[in-house]
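Residue numbers (the numbering used here): 1471 to 1605.
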Amino acid sequence: MPALTADRDTPRHGGASFGYPVKAGARLFAGGIACIDSTGFLVKGATSTTLKAVGVAQEQVDNTSGANGAAVAEVRRGVFRFANSASTDQLTNADIGNDCFIVDDQTVAKTNGSNTRSVAGKVRLVDTAGVWVEF
């Protein structure tokens, strides 16, 4: 496509919320980490190296009986609090600004679990209730 030679009416999206097609057999829960898998469909957060975290599911969506894309889930970007991992994988305020990693759809960890976990997002704060993660 050639470069512009006149003004263009460029569509804009607010960028905070998107609807994604859900993978066949997947079930997402409201408030859980939502990810795009290697086939381009939405799944819940889990220990895997092939997921791309895209935000937090805004509603429960059950596509366990549907085909790929038969259901769509609304996902919101922003900063959300999740459970902190334990022991040597527990995040602290020293990790603010670092990536954290997906353990499951409600838990994040300090490390990639010996290359078994995908990045969840950036750590923005750690408090007694959990880890604030930016997607």
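Don't be surprised by glycine CBs; every beta carbon is placed ideally from N, CA and C. As the structure is a computational prediction, the values presented were derived from the model and not from experiment.
Which of helix, strand or coil DSSP assigns to residue i
i       : result
Ala1476 : coil
Ala1599 : coil
Ala1579 : strand
Ala1523 : strand
Asp1569 : strand
Asp1574 : strand
Ala1500 : coil
Ala1564 : helix
The ligand ADP heavy atom lying under 7 Å from the CB of residue i
i       : result
Asp1597 : Inclusion of the ligand ADP in the displayed structure is not the case, the ligand content being empty and no account of it being possible.
Residue i classed as buried or exposed, judged by whether at least 16 other C-beta atoms fall within 10 angstroms
i       : result
Lys1580 : buried
Ala1543 : buried
Leu1561 : buried
Ala1556 : exposed
Lys1522 : exposed
Gly1567 : exposed
Gly1484 : exposed
Ala1564 : exposed
Ala1541 : buried
Nearest candidate by alpha-carbon position, reference residue i, set the options
i       : options                            : result
Ala1486 : Gly1548, Lys1522, Gly1583          : Gly1548
Ser1588 : Asp1569, Leu1561, Glu1544, Ala1527 : Asp1569
Asn1538 : Ala1494, Leu1595, Ala1599          : Ala1494
Lys1592 : Phe1571, Thr1586, Thr1509          : Phe1571
Gly1525 : Asp1597, Leu1512, Ser1508, Asp1479 : Leu1512
Thr1517 : Asp1479, Cys1505, Gly1510          : Cys1505
Cβ of residue i within 8 Å of any chain B Cβ
i       : result
Gly1510 : Judged by its chain identifiers, the structure shown contains no chain B, having just a single protein chain.
Exercise. Fully enclosed by the stretch 1527-1557, which beta strand (DSSP E) runs are 3 residues long or longer?
Worked result: 1542-1546, 1549-1554
For this session: Determine contact between the stretch 1543-1560 and the stretch 1573-1586, defined as no fewer than three beta-carbon pairs at a distance below 8 Å.
Result: yes
Exercise. Does the stretch 1493-1512 come close enough to the stretch 1528-1542 to have 3 or more Cβ pairs within less than 8 Å?
Worked result: yes
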